[in-house]
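Those sequence lines, one after another, are chains A and B. If you count by UniProt numbering, then the first sequence holds residues 1 to 330, one letter each, in order. If you count by UniProt numbering, then the second sequence holds residues 1 to 330, one letter each, in order. These notes concern the structure reproduced below.
2 protein chains.
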Amino acid sequence: MKRPTLEVVAARAGVSKSSVSRVINGETTVAPQIRDVVMRAVQELGYVPNGAARNLVTRRTDTLAVVVSDPPQGVISDDPLFSAVVRAISRELETAGKRLVLMLAESDQSRTRVVEYIAGGHVDGVLLVALHGTDPLPGALARQGLPVVSFNRTSAQDVPYVALDNAGGAALAVRHLLERGRRRIATITGPLELYEARERLDGYRRTLRDTGRRSIVALGDFTRASGAEAMRQLLEDDPDLDAVFAANDLMAIGALRTLHQAGRRVPDDVAVIGFDDIEAASYTSPALTSVRSPMADQATATVHLLLGLIDGGPTGPVIMPNELVVREST
Amino acid sequence: MKRPTLEVVAARAGVSKSSVSRVINGETTVAPQIRDVVMRAVQELGYVPNGAARNLVTRRTDTLAVVVSDPPQGVISDDPLFSAVVRAISRELETAGKRLVLMLAESDQSRTRVVEYIAGGHVDGVLLVALHGTDPLPGALARQGLPVVSFNRTSAQDVPYVALDNAGGAALAVRHLLERGRRRIATITGPLELYEARERLDGYRRTLRDTGRRSIVALGDFTRASGAEAMRQLLEDDPDLDAVFAANDLMAIGALRTLHQAGRRVPDDVAVIGFDDIEAASYTSPALTSVRSPMADQATATVHLLLGLIDGGPTGPVIMPNELVVREST
DNA sequence: TGCCTGTGAGAGACCGCTCCCTCTGCCTGT
DNA sequence: ACAGGCAGAGGGAGCGGTCTCTCACAGGCA
């Protein structure tokens, strides 16, 4: 029942442990006949190296931690984002032959556990997914002396990150609306304590200002309900608006609903554009035009950043471009 | 720079390695003053036990593998399901003080890697999320001698699982439509090679048969597009139908769109009911009535099943009940 | 007082692997 | 023919913990 060890394989093959180890690890300084006899023994015994023993001596684990730092009802908990990001990361690590330990840091208690685990030498590096720029976790982890990268902009020193060009994406959206002939373009913002939200608002503002137009702003918090509410507010404040740029798709979906209830036709009366291009954006009616956030690409880039860091390469921040996906709502 | 070891802590505290080990592991047979002096040394040095060394000797890792077995475009890849399941599992394992290694088995190659990894003794058990009853992975993993449970029904022997009461849920849906006074109730099925899909179809058929009514069936594959297409088919086959039970929400959303395009009002002309109650079900207009699949509860139950199995308890299959969430579409 | 029991600390073997070092034996050059 | 070099195999010391076993010592009882 017990799994065979290196020693057993060596005995079976009639060679030393060292030789078996060399064969297992694909070293070249092994004579072909030794290699063959070892391989046969490995096959016959169904030998698989013990990971813990190997880790202990090599001090490598080929395992990376993915830490998702967000309260249970937070922004990342938004299904599409979580799913897309985690799966993309997983695929990329798989390709690189690494393993992924997933940790959710939803409370202070679990944050402590995360730091302890990281300190325990179980992983070679950490990929952090945390939207709040003020999250203390990046800093705490970086202090452990392990390579740490962030899937998102972070205020922590020494933590390289991959970020979206949020301002650029917002500009893309606003320019698109202008090209469609819209004159009174409002925006629904995300929670302004998030970089994303601020940058998207900045992009919107700057683009309008450059064309001599006025900003019309309502605050949201990236949830669907807040989008619906903000839209109500906007209609009240400025009944003549003819376009809305929502800082994410969920809020845009909420806005669509309010507009529908208010009897405004989309896009005829009011054009609506979202941000992120989540799956649900194509389900709405009318289907939502959106700025695509290349989450999967961003995740992949973050993995490469981390792998590079582990291999000792120097690394700085990376900015991802985004593109516009035009559907029926504009 | 090097992290301190047990031995260093022992030296600092002026006691033996054994005593430090006892304190670290919370054994009770330690005199208070020894305990204190050890704790102080641990604090001062910032000692954290080395995981690999501990694993090596205890043969426990406190780590469980979560294997998601599904092709890239498969059913589980559906965002909401993946996200809800993975997060619920993660939370529950966190509470139990266990770690989670996430592995996607999307190809034969990665399946092989999964089996090898499992065999490498890196984990104490495996939680499998695989919708295809014919998946070879459950069997292959069970053969490794490690505890394995499945998040879903599986055909493999010796693999306990947690499943939904799919037939019961379908019956719930159909009875609801009957109570609403619907007479011609159609269904859109999932891919029939999946247990889920077959059971939901069975529940639908049986309930109608019991009330002396005829089944009207169109085949789908759990995607939104297939739902839209199946709905077109149904309208053509039976223009007088007044209700549709879709075997999942995505297909129901597709059906809603087709009905809208065909000028049928929902629920006035045709009532629509989905299955799973994904987040998007409440975003549609009209909001979708759906049979709630308690994914999170199911995930939690699966974790407990696995933990029980690891602790040596005997375990059989578990069936989860579901409930109806009535919204605007019926 | 002497013996026995029980409590709690210390010593050290061992988990399974890697990797450094030593050693053998063959090939090459002069 | 012999020294020198080198390829390649084996030996064995750790890696950092756990856990069994031994041992010292204190207290209880006849």
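For glycine and all other residues, C-beta sits at the position ideal for the given N, C-alpha and C.
- Under the three-state reduction of DSSP, D238 (chain B) is assigned to coil, being neither helix nor strand.
- In the DSSP assignment, F245 (chain B) is bridged to B:T187, B:I273.
- Between A52 (chain A) and L56 (chain B), the beta carbon gap of about 4 Å places them in contact (Cβ cut-off 8 Å).
- Against chain A, the beta carbon of E94 (chain B) has neighbours under 7 Å at L104, S110, listed in chain order.
- Pairing T258 (chain B) with M231 (chain B) gives a Cβ-Cβ distance under 8 Å.
- The three-state reading of DSSP puts I89 (chain A) in helix, counting H, G and I together.
- M103 (chain B) is bridged by DSSP to B:V67.
- Nearest to Y204 (chain A) by alpha-carbon distance, out of A:A247, A:L234, A:D242, is A:A247.
- With three or more CB-CB distances shorter than 8 Å, the stretch 159-169 of chain A counts as touching the stretch 290-310 of chain A.
- What S285 (chain B) touches in chain A, judged by beta-carbon distance under 9 Å, is L256, R257, H260, T284, S285, going in chain order.
- Taking 8 Å as the cut-off, the beta carbon of T154 (chain B) is found closer than this to the beta carbon of P138 (chain B).
- The beta carbon of A142 (chain A) is closer than 7 Å to those of V148, A156, D158, V159 in its chain, skipping five residues each way along the sequence.
- DSSP places E196 (chain A) inside the alpha helix (DSSP H), whose first and last residues are 195-210.
- Between V37 (chain A) and V66 (chain A), the C-beta spacing is not below 8 Å.
- Look at V266 (chain A) here: in three-state DSSP terms it is coil, with no helix or strand label.
- Secondary structure of L6 (chain A) (DSSP, three-state): helix.
- Contact between R91 (chain A) and L104 (chain B) is confirmed by a C-beta separation of about 7 Å, below the 8 Å threshold.
- Relative to T63 (chain A), the option among A:G254, A:A252, A:K98 whose CA is nearest is A:K98.
- Taking C-beta atoms under 8 Å as the contact rule, L324 (chain A) and L172 (chain A) qualify, at a distance of about 5 Å.
- Between A287 (chain A) and R327 (chain A) a beta carbon distance of about 4 Å is seen, short of the 8 Å cut, so the two are scored as contacting.
- Contact annotation for F222 (chain A) against chain B: no contact, minimum CB-CB distance about 14 Å [criterion: below 9 Å].
- In the three-state DSSP reduction, A156 (chain B) falls in the coil class, being neither helix nor strand.
- In the structure shown, L324 (chain A) falls within a strand segment according to DSSP collapsed to helix, strand and coil.
- N50 (chain A) belongs to the set of residues whose beta carbon lies under 8 Å from a beta carbon in chain B.
- Within 7 Å of the CB of N55 (chain A), the CB atoms of chain B belong to A52, in sequence order along the chain.
- Residues of the same chain with a CB within less than 6 Å of the CB of T289 (chain B), apart from the 5 flanking positions on each side, are I273, V326, R327, S329, T330 in chain order.
- Scanning the UniProt domain "HTH lacI-type" (4-58) of chain B from its first residue to its last, the whole alpha helix (DSSP H) runs of 4-plus residues come out as 6-13, 17-24, 32-45, 51-58.
- Counting C-beta atoms within 10 angstroms of its own C-beta, A84 (chain B) has 16 or more neighbours from the protein chains shown and is therefore classed as buried.
- A Cβ-Cβ contact shorter than 8 Å links D242 (chain A) with A271 (chain A).
- Within the DSSP secondary-structure output, I319 (chain B) pairs in a beta bridge with B:A163.
- The shortest CA-to-CA distance from L309 (chain B) to any of B:R200, B:L201, B:G145, B:Y47 is the one to B:G145.
- If you check the CB distance, S285 (chain A) and M251 (chain A) do not come in under 8 Å.
- Of the other Cβ atoms in all chains shown, fewer than 16 fall within 10 Å of the Cβ of T28 (chain B); this residue is therefore exposed.
- Annotation: L177 (chain A) to A170 (chain A) spans about 11 Å, alpha carbon to alpha carbon.
- V291 (chain B) carries a strand assignment under DSSP once its states are collapsed to helix, strand and coil.
- G145: these are the residues of the stretch 138-172 of chain A whose beta carbon lies less than 9 Å from some beta carbon of chain B, given in chain order.
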